[in-house]
Amino acid sequence: MLMRTDPFRELDRLAQQLMGPGTWSRPSPMPMDAYRDGDEYLVAFDIPGVTADAIDIDVERNMLTVRAERRPAAKSGDVQMELSERPLGVFSRQVMLADTLDTEHIRADYDAGVLTLRIPITERAKPRKITVGSGRKEIPG
């Protein structure tokens, strides 16, 4: 078996061993991207190896919380692990959402290890044109 060495991978592995896997009371962070696309705000979380039923999404007031748990794969009794680098345990991320987002209509999709949340922007937050009236008033007479 051919293995390439990476000194930083060893540091990451050591830190993971010292901290242990994420738990519900002390979850590990998950990477994310957030951006606006037209009339929606998108937030994408990387959580590969997690089944859709192990993902929990909550919104309370304007706090969005995403939790996921990566469980070890079921193996038969005669399997001997040679290398284990994929982190297991609980992962979590909290994001404070602006008042301009419609938290009642969030859509969630999970595909290829990426959880994507689509949050519509409220009507009152969308740009609009305001007409200017003249300051003159005619006096009937």
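Residues 284 to 424 in the working numbering are what the sequence shown spells out, letter by letter.
Yeah, the Cβ is synthetic: ideal placement off N, Cα and C, and Gly gets one too.
Remember, predicted model here, so these are calculated numbers, not experimental data.
In the structure shown, the three-state DSSP call for D336 is helix. When the beta-carbon positions are compared, V342 and I389 come within less than 8 Å of each other. Less than 8 Å divides the Cβ of R376 from the Cβ of M313. Judged by DSSP in its simplified three-state form, E343 adopts strand. Ranked by Cα distance from Y393, the options R419, P331, N345, V373 are led by P331. With at least 16 other beta carbons inside 10 angstroms of its own, V333 counts as buried. Separation of V326 and T399 (C-alpha to C-alpha, rounded to the nearest whole angstrom) is 6 Å. Taking the CA atoms as reference points, E352 sits about 21 Å from M364.
When the beta-carbon positions are compared, R350 and V373 come within less than 8 Å of each other. V415 and D339 have their alpha carbons spaced roughly 48 Å apart.
Closest in alpha carbon position to G396, among D322, D329, R419, L347, is D329. Taking a C-beta distance under 8 Å as the contact criterion, P355 and L380 do not qualify as a contact pair.
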